[in-house]
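In the order they appear, the protein sequences are chains C and R.
For the first sequence, the numbering used here assigns the number 112 to the initial residue and increments by one for each residue that follows.
For the second sequence, the numbering used here assigns the number 636 to the initial residue and increments by one for each residue that follows.
A virtual CB, placed ideally from N, CA and C, is assigned to each residue, including glycine.
Let me begin by presenting the structure, written as C-alpha cells, before commenting on it.
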Amino acid sequence: MLARALCGTVFGLDGVRVEVEADIADGLPGFHIVGLGDRALQEARERVKIAINNSGFEFPGRRVTVNLAPAQLPKEGTGFDLAIAAAVVNAALDRRLPSDAAWLGELALDGAVRPIRGTLAITAHLDRLGVRRFYVPSANVAEARIATAAPVLGVDHLRDLKAHWEDGAPLTEAARAAADVVSPVSILIDLADVRGQPHAKRALEVAAAGAHHLLLVGPPGAGKTLLARALPGILPGLTQQEAVEVTSIASCVGMLPPGAGLLEVPPFRAPHHTISPAALVGGGGAAPRPGEVTRAHRGVLFMDEITEFRRDALESLRQPLEEGKLAVARTRGHAVLPGRFILVAAANPCPCGFAGDPKRFCECTPLERQRYRARLSGPIRDRIDLQVTVPRQAAGELLRAEVVAENSATVRDRVIQARARQHARRPQGPLNGALSGTQLRKDAALDANSQVLLETAADRLQLSGRAVHRVLRVARTIADLDHRPQIEQSHVAEALQYRESG
Amino acid sequence: MAEDPLPDPPHKGEGDRRESTVWLTDPTYPWLLKQIHDPPPRLFVRGRLPPVPMIAIVGSRRATPYGCRAAHRLARDLSDAGVVVVSGLARGIDAAAHRGALEGGTPTVAVMATGLDRIYPPEHGELATGIAASGALITEAEEGTLPLPGRFPVRNRIISGLSLGVVVVEAAERSGALITARMAAEQGREVFCVPGSIENPLAIGGHRLIKDGAKLVQTVEDVLDEFADLAHARARAHARTHARTRTRTRADSGPQDPELFAVWELLDWVEPRHHDDLAVMMNLDSKEVSRRLTLLEMSGYIIGDCGAVTRRARD
Numbered sequence: 112m113l114a115r116a117l118c119g120t121v122f123g124l125d126g127v128r129v130e131v132e133a134d135i136a137d138g139l140p141g142f143h144i145v146g147l148g149d150r151a152l153q154e155a156r157e158r159v160k161i162a163i164n165n166s167g168f169e170f171p172g173r174r175v176t177v178n179l180a181p182a183q184l185p186k187e188g189t190g191f192d193l194a195i196a197a198a199v200v201n202a203a204l205d206r207r208l209p210s211d212a213a214w215l216g217e218l219a220l221d222g223a224v225r226p227i228r229g230t231l232a233i234t235a236h237l238d239r240l241g242v243r244r245f246y247v248p249s250a251n252v253a254e255a256r257i258a259t260a261a262p263v264l265g266v267d268h269l270r271d272l273k274a275h276w277e278d279g280a281p282l283t284e285a286a287r288a289a290a291d292v293v294s295p296v297s298i299l300i301d302l303a304d305v306r307g308q309p310h311a312k313r314a315l316e317v318a319a320a321g322a323h324h325l326l327l328v329g330p331p332g333a334g335k336t337l338l339a340r341a342l343p344g345i346l347p348g349l350t351q352q353e354a355v356e357v358t359s360i361a362s363c364v365g366m367l368p369p370g371a372g373l374l375e376v377p378p379f380r381a382p383h384h385t386i387s388p389a390a391l392v393g394g395g396g397a398a399p400r401p402g403e404v405t406r407a408h409r410g411v412l413f414m415d416e417i418t419e420f421r422r423d424a425l426e427s428l429r430q431p432l433e434e435g436k437l438a439v440a441r442t443r444g445h446a447v448l449p450g451r452f453i454l455v456a457a458a459n460p461c462p463c464g465f466a467g468d469p470k471r472f473c474e475c476t477p478l479e480r481q482r483y484r485a486r487l488s489g490p491i492r493d494r495i496d497l498q499v500t501v502p503r504q505a506a507g508e509l510l511r512a513e514v515v516a517e518n519s520a521t522v523r524d525r526v527i528q529a530r531a532r533q534h535a536r537r538p539q540g541p542l543n544g545a546l547s548g549t550q551l552r553k554d555a556a557l558d559a560n561s562q563v564l565l566e567t568a569a570d571r572l573q574l575s576g577r578a579v580h581r582v583l584r585v586a587r588t589i590a591d592l593d594h595r596p597q598i599e600q601s602h603v604a605e606a607l608q609y610r611e612s613g
Numbered sequence: 636m637a638e639d640p641l642p643d644p645p646h647k648g649e650g651d652r653r654e655s656t657v658w659l660t661d662p663t664y665p666w667l668l669k670q671i672h673d674p675p676p677r678l679f680v681r682g683r684l685p686p687v688p689m690i691a692i693v694g695s696r697r698a699t700p701y702g703c704r705a706a707h708r709l710a711r712d713l714s715d716a717g718v719v720v721v722s723g724l725a726r727g728i729d730a731a732a733h734r735g736a737l738e739g740g741t742p743t744v745a746v747m748a749t750g751l752d753r754i755y756p757p758e759h760g761e762l763a764t765g766i767a768a769s770g771a772l773i774t775e776a777e778e779g780t781l782p783l784p785g786r787f788p789v790r791n792r793i794i795s796g797l798s799l800g801v802v803v804v805e806a807a808e809r810s811g812a813l814i815t816a817r818m819a820a821e822q823g824r825e826v827f828c829v830p831g832s833i834e835n836p837l838a839i840g841g842h843r844l845i846k847d848g849a850k851l852v853q854t855v856e857d858v859l860d861e862f863a864d865l866a867h868a869r870a871r872a873h874a875r876t877h878a879r880t881r882t883r884t885r886a887d888s889g890p891q892d893p894e895l896f897a898v899w900e901l902l903d904w905v906e907p908r909h910h911d912d913l914a915v916m917m918n919l920d921s922k923e924v925s926r927r928l929t930l931l932e933m934s935g936y937i938i939g940d941c942g943a944v945t946r947r948a949r950d
C-alpha cells in the first residue's frame, strides 16, 4: 500500500518541491524515514506517530517506510510532518491523495498543526508547478494566500482531516475568515519626535531619497540610534513585489509573526557588534542560511558602534554593499541571497568619544584616533556617501519646545517624489546611491558654477576621485529633492557638507 | 649672534640619515648651548645644525586647535624671517611648530629625549624625516635610549639652551613647557607667551608666566623686537606682514555677500560652532546652512572640522 503527499522546503530563500511517499508493508512493526533528513526530520517519526494515534487514527502496526524525494536534497526542519502523516494515514486506508494538493505543517503530539517557516516561498514555488490546493497551518494562511490564487485551507488539527480522508468529505475553507489577519504595524520613530539635530535629519532625508549609505559620528548619547530608527519611517512604502520579497525572507528565517500577511514597512535590523560574519551576511551550517544583511533587504541595516564590529564581519559587507546581493557557498550547495539595504553606521569620533566636542576634552592621542578611524576600511568608507556629526544635545535643548519639527510623513512625501524623478531617469535603476562613475557622467552633469565650486573644493580639501563621485551622487539626490533636472551650485555646496571629515 | 657661517660637521652617512657626533670642544658645538651651566658633553645630530639664530616654541601635547594654529603660524613666520624654530618633536604644539617652520624658508631643529634611532612619538617618523632633510634632529641620548619620563625635563634644558628665547603656547599648570620656560629664565633667555582663553585650563600656566614678566606675543614681530641682533629678520618679517595686509583686512571684515556675512558674523575665531546651532540661531533650514558654510569655506573665510566651524584666523 503506497500513498504520496506533496509538500516543500526552503533552500536558501527558494521554495523546493518535496514529495513524501509512504509505503506500508508486511514485516516487523517499524517506522523508517529516508531521504537525507536532518535530526529534526528523524524526530518526526515520534511526532507523527503519536499525533496520528492522538487524532482518532491508528498508526499502522506494520512496517512503515517514508521516503522524501528528491532523495539527494538535504532536508531540514519540521515542515514535513503534516505531509508524512497524510501519506501514512492514507496509505493505511489505501487511498490516493490528489496529486495537485500540498500539505505543510508541523505536528504537535496531540495532533495540533503548528506554523512553519518559509510558507510563502514554498507556496509560490508549488503554485508555479501547478499545485491547486494548499493545506497549511492556520497561522500561515495569510502569507500563503499572498503567493497563490488557489484555495488555501487552514488546518488546526489532524482530527479535522479525519472525515475528509476516511469518507472523502470535502474540507471547507472554514478557516479563511479567521486567517485574514492584518500585518502588525511596527512601532517607528517619527522624525518629529527627534529633538533638534536639523543637519542629521536632513542627511537622513537625503539618504532615504537616494538610497545612500550614511555614517553618523557623535559622542555617546547624542541620539544616533534614535535617528537611525527614524529612517524606515521616511522611506517609501514597499511596492507589491518588494513586499513579497521582504515577507518571504521574514517567513523563511522565522521572523514573520504568526498570522501575519504581507509586510509593507521596510525592515529595520540592528545587529549587535559581536556578530559573526556568517550571521551578518549569511552562511551557517551545511545549507546556506540568510544573515542580517538579507533580513534588512529593502530596508535599513543599522550598525551601531561600527568600529567595534569584527574586522572580517565588516569586510564581508563589501559584496552586498557593492552588488545588493551576495553569494553564499556551503558544503551542501550555494545560494545567491538578496541584500539591498541602506546602511546606517554609527561611530564615536574617537575611542573616548569626545573629539570635536567643544565642552569636553578628548583624551585620545592622534595615533589612537587614526587607528580608530582605520578600523573602517577604505572599501567600506568608499560606499558611504554621507557622513554627519551628531553633537551632544544640551539638557536645555531637549526640554525646549521644538519650533519647526517636520513629521515623517512630510519628509516621506519629498522622498517619494525624489525617487520618482530617479525612476523616470533610470527606469531599471539603480538609485542615485549606487550610480557608477560612468552613470554619473551622464546623470550628474554640472552647470558652470557648480563645476567651479567642485573644482575649488577638490583642490582645497584634497578630495580623491572617489570622494568627488560621492559628492556628485549626493548632489544628484539633493537636486532631485529640489525638483531640478540639473545639478546647481547650491546642491553641490550642500553635498560637500556631508563629506568625510577628520 | 654675529657668527660666521660654520663649516659642515663631519658626516657619517648620506641623505637624511647622515649622522654625526658633536663634542663640547668642537667648533661646531652650538655656542649658545655652551653658555649654560650644564651643557651636554656631546650631541648626536642627524641632519645639519643650522648656524643661525634659534627661537624655541613649546607647549602642551594635548593642545586645542587654536593653540596648534597659533604655534603653526608663529613658527612659519619666524622661519620666513630667517629664524630657526626649535622644539621637542612631541605631539600637539611641538608638532605644529615644526610643521609651520617647515613651511617657511629656514630649517627647523627638533631636540629629542630618545636616541636618534627611536623617534618618539612613533607617528612623527615622517615629520622627523622632513626636519632632518633640511635641519636637524639632535639628542644627548645614545642610540637605543627609550622615551623614559625622566629624560624629558633634562632634554628641555637643551631646547632652551639652544635658543635666544622660548615661546610658550598653551601650557597647563604643571607641564614640561613650563619647565622649559623656567630653565630659559635660569639660563638668561627671553620667555614669551601666546595668550589663550581665560576659560582654557591649558592657558593657566602661560598666563602665569605673563604675570611673572614673560612677554605677551601676538605676532612674530613681538618676538623679534626683543633682539637687537635680529634687526635683519625683523625687517623681513615686517615686509612680509605688509605684503599680507591687503588680504588680511579683507578677511577680517568678512564676506561681501550679505547672506554669507550673516553666518560669518555668528562665528567665533576660537570656539567652534556646530551646524545645528547656526540653523537654530538663524532660523534657517539645514540645507541652506550647508550651502552657505561650503561657500564660506571655499572662499577661505571659515574652517570646517567635524561638522563644527570656526572663522579662519588671519594669515
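Please state whether the Cβ-Cβ distance between residue 401 of chain C and residue 455 of chain C is less than 8 Å.
no
Would residue 255 of chain C and residue 230 of chain C be called neighbours here (beta carbons separated by less than 8 Å)?
It is a contact, given that the beta carbons lie within the stated cut-off.
Closest Cβ-Cβ distance between residue 521 of chain C and chain R: below 8 Å?
no
To test your reading of the DSSP string, which unbroken alpha helix (DSSP H) runs of 4 or more residues are found completely within the segment 751 to 790 of chain R?
760 to 769
Can you tell me the Cα-Cα spacing of residue 771 of chain R and residue 680 of chain R, whole angstroms?
6 Å
Whose C-beta lies closer than 8 Å to the C-beta of residue 138 of chain C among residues of the same chain, with five residues either side of it excluded?
Excluding sequence neighbours, residue 138 of chain C sits near 173 and 174.
To which residues does DSSP link residue 658 of chain R through a beta bridge?
R:677
Along the beta strand (DSSP E) that carries residue 214 of chain C, what are the first and last residues, could you check?
212 to 214
Within-8 Å CB hit, residue 851 of chain R to chain C
no
Give me the Cα-Cα distance between residue 177 of chain C and residue 213 of chain C, rounded to the nearest whole angstrom.
If you take the alpha carbons of residue 177 of chain C and residue 213 of chain C, they lie about 16 Å apart.
Thinking just about the alpha-carbon of each residue, which of C:367, C:324, C:227 and C:114 is nearest to the one in residue 120 of chain C?
C:227
For the segment 556 to 579 of chain C, which residues have a CB atom closer than 9 Å to at least one CB atom of chain R, in sequence order?
564, 567, 568, 571 and 572
Other residues of its chain near residue 479 of chain C: CB distance less than 6 Å, five sequence neighbours each side excluded:
462
Indicate the three-state DSSP secondary structure (helix, strand or coil) for residue 227 of chain C in the structure shown.
coil
Alpha-carbon spacing of residue 687 of chain R relative to residue 866 of chain R, whole angstroms
13 Å
Closest Cβ-Cβ distance between residue 285 of chain C and chain R: below 8 Å?
With a pLDDT of only 46 at residue 285 of chain C, under 50, the local geometry of the prediction cannot be trusted, and no value is derived from it.
Residues in its own chain within less than 6 Å of residue 339 of chain C by CB, not counting five upstream and five downstream?
413 and 455
Please state whether DSSP places residue 475 of chain C in a helix, a strand or coil.
coil
Roughly how many angstroms lie between the CA atoms of residue 915 of chain R and residue 465 of chain C, to the nearest whole one?
23 Å
Contact between the segment 190 to 197 of chain C and the segment 146 to 162 of chain C: three or more CB pairs below 8 Å?
yes
Got a sec: is the Cβ-Cβ distance from residue 737 of chain R to anything in chain A below 8 Å?
Reference to chain A is not applicable here, since the protein chains of this structure are C and R.
Between the segment 264 to 274 of chain C and the segment 489 to 502 of chain C, are three or more C-beta pairs nearer than 8 Å?
Because the criterion of three Cβ pairs below 8 Å is not met, the segment 264 to 274 of chain C and the segment 489 to 502 of chain C do not touch.
Segment contact, 8 Å Cβ cut-off, at least three pairs: the segment 246 to 266 of chain C with the segment 132 to 148 of chain C:
no
At the level of alpha carbons, what is the spacing between residue 356 of chain C and residue 588 of chain C?
26 Å
Mind listing the chain R neighbours of residue 343 of chain C? Cutoff is C-beta to C-beta under 7 Å, in chain order.
In chain order: nothing, as chain R lies at least about 21 Å away.
The segment 588 to 604 of chain C: which residues have C-beta closer than 9 Å to a C-beta of chain R, in chain order?
589, 592, 593, 600, 601, 602, 603 and 604
Thinking residue 343 of chain C and residue 379 of chain C are a contact (beta carbons under 8 Å), I'd like their distance in whole angstroms, please.
Going by Cβ atoms, the distance from residue 343 of chain C to residue 379 of chain C rounds to 5 Å, so yes, they are a contact pair.
Beta-carbon neighbours of residue 308 of chain C, restricted to chain R and to distances below 8 Å
911
On the premise that residue 418 of chain C lies in contact with residue 389 of chain C, defined as a C-beta separation below 8 Å, what is that separation, rounded to the nearest angstrom?
Actually they do not touch by this definition, with Cβ atoms about 21 Å apart.
For residue 313 of chain C, return the contacting residues in chain R, with the cut-off set at a CB-CB distance below 7 Å.
921 and 922
Partner residues on chain C for residue 632 of chain R, Cβ-Cβ distance less than 8 Å
Nothing in the structure corresponds to residue 632 of chain R, since chain R is present only between 636 and 950.
Residue 825 of chain R - partner residues in DSSP beta bridges:
Answer is R:800, bridged to residue 825 of chain R.
Excluding five sequence neighbours on each side, which residues of the same chain lie with their C-beta closer than 6 Å to the C-beta of residue 755 of chain R?
749 and 782
Is residue 234 of chain C close to chain R? Criterion is C-beta to C-beta, closer than 8 Å.
no
Would you list the residues sitting across from residue 268 of chain C in a DSSP beta bridge?
Note: residue 268 of chain C sits in a beta bridge opposite C:223.
Just confirm the distance between the C-beta atoms of residue 310 of chain C and residue 499 of chain C, as a whole number of angstroms; I'd bet it's less than 8 Å.
6 Å
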